[in-house]
Structures are given as structure tokens and as C-alpha cells.
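Asks: Before I ask anything, here is the structure I am working with.
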Amino acid sequence: QLFGARHAMRWQGIELIERSPHERVLRFRSERRLLCPGPGLLSTADRNTMRALIHEYCLARGVTVVERRWLI
Numbered sequence: 003q004l005f006g007a008r009h010a011m012r013w014q015g016i017e018l019i020e021r022s023p024h025e026r027v028l029r030f031r032s033e034r035r036l037l038c039p040g041p042g043l044l045s046t047a048d049r050n051t052m053r054a055l056i057h058e059y060c061l062a063r064g065v066t067v068v069e070r071r072w073l074i
């Protein structure tokens, strides 16, 4: 939950992942966009879990990850 919004997105629907420098923010894109705290802001255990989920459900399917320096 970020900025008081409650949205959900299925891993299978993600088509693009945008990340800010140092992975502080991630934006998952599908038919809509979901902005969330990135691994750079999480504890070590949560960071590792998030990266494992992204790898398993997105990168393994060929989802592109791009850095957006302006993404906050």
C-alpha cells in the first residue's frame, strides 16, 4: 500500500517493471500502473523475498526492467 491506495495486480499480468535509482521505488505496468516501495527500502529479508518473486514471476517470463531516473 502506497499513498493510502489499495490496489492489487497479478504477477502474470505485469508487462514492464520500472525502477528508480537504487531500487527505492518500483512501478509495475500492465493494463494499469502500480507504484510501490522497492527493494532498496526494505529489510534484508523482505528485499530478498521481493527480488525472488520478481525473478520467478516476471524475469523468468521475459518481462523487461528499465531504470527511470525521474521515478520517485
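All letters in the sequence shown, in the order written, are residues 3 to 74 by the working numbering.
Don't be surprised by glycine CBs; every beta carbon is placed ideally from N, CA and C.
1. Give me whichever residues DSSP pairs with C38 in a beta bridge.
2. In terms of residue numbering, what span does the alpha helix (DSSP H) encompassing R53 cover?
3. For Q3 and M52, what's the separation of their Cα atoms in angstroms?
4. Buried or exposed, going by whether 16 or more other CB atoms sit within 10 Å of the CB of P41?
5. Where does L55 land, buried or exposed, given buried means 16+ other C-beta within 10 angstroms?
6. Tell me which residues share the same chain as T46 and place their Cβ nearer than 6 Å to its Cβ, disregarding the 5 neighbours each side in the sequence.
7. Just how far apart, CA to CA, sit F30 and L44?
Replies: Answer, in terms of the structure:
1. L28
2. 46 to 59
3. Low confidence applies here, because Q3 scores a pLDDT of 39, under 50, leaving its location unreliable and the question unanswered by this model.
4. buried
5. exposed
6. none
7. 17 Å
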